[in-house]
Structure formats: structure tokens, C-alpha cells
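All remarks here apply to the structure that follows.
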Amino acid sequence: MDIYSEVTARIMEQMEQGIIPWQKPWVACGKAISRTTGKPYSLLNQMLLGRPGEYLTFKQCQEAGGKVRKGEKAQMVVFWKWIETEDEETHEKKEVPFLRYYNVFHIDQCEGITAKHTTETAFPDGAAADEAAQAIIADYLNRESVKLTHQEGDRAFYRPCTDEIVLPLMKQFRSTAEYYSTAFHEITHSTGHEKRLNRLTHAAFFGTEDYSKEELVAEIGAAALVSHAGLETDRSFRNNAAYVQNWLQVLKDDKRFIVSAAGKAEKAVHLILNQ
Numbered sequence: 661m662d663i664y665s666e667v668t669a670r671i672m673e674q675m676e677q678g679i680i681p682w683q684k685p686w687v688a689c690g691k692a693i694s695r696t697t698g699k700p701y702s703l704l705n706q707m708l709l710g711r712p713g714e715y716l717t718f719k720q721c722q723e724a725g726g727k728v729r730k731g732e733k734a735q736m737v738v739f740w741k742w743i744e745t746e747d748e749e750t751h752e753k754k755e756v757p758f759l760r761y762y763n764v765f766h767i768d769q770c771e772g773i774t775a776k777h778t779t780e781t782a783f784p785d786g787a788a789a790d791e792a793a794q795a796i797i798a799d800y801l802n803r804e805s806v807k808l809t810h811q812e813g814d815r816a817f818y819r820p821c822t823d824e825i826v827l828p829l830m831k832q833f834r835s836t837a838e839y840y841s842t843a844f845h846e847i848t849h850s851t852g853h854e855k856r857l858n859r860l861t862h863a864a865f866f867g868t869e870d871y872s873k874e875e876l877v878a879e880i881g882a883a884a885l886v887s888h889a890g891l892e893t894d895r896s897f898r899n900n901a902a903y904v905q906n907w908l909q910v911l912k913d914d915k916r917f918i919v920s921a922a923g924k925a926e927k928a929v930h931l932i933l934n935q
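For the sequence shown, the residue numbers in my numbering are 661 to 935.
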């Protein structure tokens with residue numbers, strides 16, 4: 661059986677049942693904390709920063725031997741500073757609060773440094789390493805010299821400029837199938853690098869047609885690889901279908917894009933499996 665045709669047919673069958681809610685397969689880990697002190701920021705700053713992990717200033721990054729990646733934008737952290745003032749009429753001195761701020765960067769916006777502090781996740785018994793899937797990943801990474809980094813946080817992505825995949829920690833994932841589905845998704849993206857299948861375009865930014873098509877390729881590739889490794893579950897496959905459905909809606913529900921994406925996913929998977 662042609663696994664790509666079979667996977668896409670099953671995805672389309674799932675989508676015929678209506679809108680499928682996509683669920684993020686990992687949980688955000690810990691709180692936003694200062695890398696320097698290891699202490700969590702205030703509730704207000706937790707809300708301003710938006711995601712967990714370690715933060716540091718531009719200078720602190722340099723002092724730690726790293727550098728902020730070019731093009732990354734800082735986020736604001738606020739604090740109250742007490743300033744002594746004097747009443748012009750009574751000359752009475754008193755302290756008043758004055759709101760100040762400084763800019764920080766998340767640890768994954770930096771190069772040359774790693775996280776110093778770790779926290780427990782909500783799923784300590786979630787995903788577990790699978791020998792067959794690990795062998796597929798290790799062989800591809802070694803053969804293609806792609807870097808894979810795990811870090812505590814709330815993002816999974818492939819960065820073409822550094823040819824690097826970044827994933828949350830394995831223990832942050834709800835299940836083994838969902839961890840490897842996410843890993844295979846990002847690995848499939850990496851096959852599009854110009855020195856491999858040359859599928860990625862500079863115009864493919866979030867929300868564009870090119871970006872949406874690439875997401876279809878990556879998710880179909882992930883579904884095929886999870887099936888190939890024998891890890892698929894009803895829940896993981898349903899989430900694959902939900903993800904495809906989300907991006908297909910950007911493409912005006914034109915199911916022809918699934919067929920096109922499946923063909924590109926097949927080439928990607930063949931490269932990953934060295935076939």
C-alpha cells in the first residue's frame with residue numbers, strides 16, 4: 661500500500677466529519693524566570709513575557725559568553741523603583757514609587773549559552789524514547805548534519821538559517837506518539853533546506869500560501885513517519901488531521917493542495933529514511 665495515499669485519504673476522511681480541534685501536544689514548562697537569579701518574575705511580568713523559560717538582558721547574554729541572534733526583538737520587564745522626593749512647600753521628604761522597565765531576551769533567542777535552571781513539568785511520565793524512531797532521527801541528523809536541540813520552553817521550530825531544530829523537552833509531551841510527531845514535523849521542514857530538496861522559500865512567512873503549503877508537507881510527512889515507526893495512536897492521528905485542516909482553511913479548503921503536499925512529503929520522507 662502507498663502509505664502517502666493511505667495517510668492523506670484517512671486525513672480527508674477525518675476532515676469530512678467536520679471541524680477538528682487541534683491540541684498542542686506539549687505543555688508549557690515552568691515560569692518565566694531570570695537566568696541570572698533563577699527567580700520567577702512577578703505575575704505582571706509573567707503576563708507581559710507570555711511564555712516560560714529563562715530571560716536575560718543583552719549585556720547579561722554577552723557576559724555569559726553568548727550573543728543575541730540577529731533580528732530578535734526584546735521584551736519588556738517592568739519594576740517599581742522608590743525615589744525620594746521633597747515637597748516644595750513643606751520640604752517634607754517622602755518616597756514615591758516610579759515605574760521603570762528594562763528589555764530582556766528569551767534564552768532561545770540567544771546563541772552560545774544554555775539554560776541554567778530546570779523545573780518539573782506536568783507530564784513527568786508522558787513521552788518516552790522509542791528505539792526505532794530514535795534510530796530514524798539519529799541517522800538523518802548525522803547524515804545531513806542537522807542540529808537538534810531540546811530546551812525547556814513552549815516552542816517547536818526549524819530554523820533554516822542555522823539548519824537547526826528546536827523542540828521542548830521530551831517529558832513536556834503528553835505521549836510518545838505526539839513527541840515523535842512533533843519531531844518528525846520539524847525534521848520534514850529541514851528537508852526543504854536549499855542544500856537538500858530546496859523546497860523552502862524566503863517569501864514563506866506565517867499566514868502566506870507558501871507557508872501554509874509547507875505546513876501541509878511537514879504534517880503529512882510527520883504522520884507518515886509516525887506510522888512507519890509503528891507509533892500512531894487514534895489521538896495522534898486525529899491531531900495530525902486537525903493540523904492539516906487548520907492550514908487547509910488558509911488555502912480556502914482546496915483539497916488539491918493535500919495531494920500536492922503528499923507528493924512533496926513522500927520525497928522528504930524518502931530522504932529522511934535514506935531510501
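We treat Cβ as the ideally placed atom computed from N, Cα and C, and that holds for glycine.
(request) Could you spell out where the beta strand (DSSP E) holding Lys807 opens and where it closes? (result) Here residue 807 refers to the residue found at position 147 when the sequence shown is read from its first residue. Run containing Lys807: Lys807 to His810, per the beta strand (DSSP E) assignment.
(message) Once DSSP output is grouped into helix, strand and coil, what is the label at Ile773?
(response) Within the sequence shown, residue 773 is the residue found at index 113, counting from 1. Coil at Ile773, not helix or strand.
(message) For Trp686, count the other beta carbons within 10 Å of its own beta carbon; 16 or more makes it buried, fewer makes it exposed. Which is it?
(response) As a first step, residue 686 is located in the sequence shown; it is residue number 26 there, counting from the start. That one is buried.
(message) I need the DSSP call for Leu911, collapsed to helix, strand or coil.
(response) Residue 911 sits at position 251 when you count from the first residue of the sequence shown. Correct three-state label for Leu911: coil.
(request) Taking Ala788 and Thr848 to be in contact with their CB atoms under 8 angstroms, please state how far apart those CB atoms are, rounded to whole angstroms. (result) Here the question's residue 788 lines up with position 128 in the sequence shown. Here the question's residue 848 lines up with position 188 in the sequence shown. Not really, about 22 angstroms apart at Cβ, beyond 8 angstroms.
(message) Less than 8 angstroms between the beta carbons of Ala816 and Val826, yes or no?
(response) The residue given as residue 816 occupies position 156 in the sequence shown. The residue given as residue 826 occupies position 166 in the sequence shown. Yes, Cβ-Cβ distance for Ala816 and Val826 is below 8 angstroms.
(request) Would you tell me roughly how many angstroms separate the C-alpha atoms of Glu892 and Tyr839, rounded to the nearest one? (result) Translated into the one-based positions of the sequence shown, residue 892 becomes position 232. Translated into the one-based positions of the sequence shown, residue 839 becomes position 179. For Glu892 and Tyr839, the distance between alpha carbons rounds to 11 angstroms.
(message) Checking 8 angstroms against the spacing of the C-beta atoms, do Ala901 and Met675 come in under that value?
(response) As a first step, residue 901 is located in the sequence shown; it is residue number 241 there, counting from the start. As a first step, residue 675 is located in the sequence shown; it is residue number 15 there, counting from the start. Yes, Cβ-Cβ distance for Ala901 and Met675 is below 8 angstroms.
(message) Check whether the stretch 867-876 and the stretch 928-935 touch, using three or more Cβ-Cβ pairs below 8 angstroms as the test.
(response) no
(message) Using the three-state DSSP reduction, which class does Tyr761 fall into: helix, strand or coil?
(response) To locate residue 761, count along the sequence shown from 1; it is residue 101. The answer is strand: DSSP assigns Tyr761 an E or B state.
(request) Would you check if there are 3 or more beta carbon pairs closer than 8 angstroms linking the stretch 757-773 to the stretch 790-806? (result) no
(request) Kindly identify the DSSP beta-bridge partner or partners of Thr745. (result) Residue numbering aside, residue 745 sits at position 85 when the sequence shown is read from its first letter. Partner(s): Lys754.
(message) In the DSSP assignment, the alpha helix (DSSP H) including Val877 goes from what residue to what residue?
(response) On the sequence shown, residue 877 is found 217 positions in, with the first residue counted as 1. Per DSSP, Val877 belongs to the alpha helix (DSSP H) from Glu869 to His888.
(message) Excluding the 5 residues flanking Glu746 on each side, which residues of the same chain have their C-beta closer than 6 angstroms to its C-beta?
(response) Numbered from its first residue, the sequence shown carries residue 746 at position 86. The answer, listed in chain order, is Lys753.
(message) Let me confirm a value: Gln935 is counted as buried when at least 16 other C-beta atoms fall within 10 Å, else exposed. Which label applies?
(response) For the purposes of this step, residue 935 is taken as residue 275 along the sequence shown, with counting starting at 1. Its Cβ having fewer than 16 others within 10 Å, Gln935 is exposed.
(message) Buried or exposed for Val738, going by 16 or more other Cβ atoms inside 10 Å?
(response) To locate residue 738, count along the sequence shown from 1; it is residue 78. Exposed, since its Cβ has fewer than 16 Cβ neighbours within 10 Å.
(message) Rounding to the nearest angstrom, what Cα-Cα distance links Gly881 and Arg729 in this structure?
(response) The count along the sequence shown starts at 1 and reaches residue 881 at position 221. The count along the sequence shown starts at 1 and reaches residue 729 at position 69. Rounded to whole angstroms, Gly881 to Arg729 spans 29 angstroms at the Cα level.
(message) Less than 8 angstroms between the C-beta atoms of Ala843 and Gln811, yes or no?
(response) The residue you call residue 843 lines up with position 183 of the sequence shown. The residue you call residue 811 lines up with position 151 of the sequence shown. Taking 8 angstroms as the Cβ cut-off, Ala843 and Gln811 do not qualify as a contacting pair.
(request) Quick one: residues in its chain with C-beta nearer than 8 angstroms to the C-beta of Gly698, no 5 flanking neighbours on either side, listed in chain order? (result) Here residue 698 is taken as the residue at index 38 of the sequence shown, counted from 1. Taken in chain order, the residues that qualify are Lys776 and His777.
(message) Taking DSSP's pairing of strands, which residues face Gly678 in a bridge?
(response) In the sequence shown, counting from the first residue as 1, residue 678 sits at position 18. Answer is none; Gly678 lacks a bridge partner.
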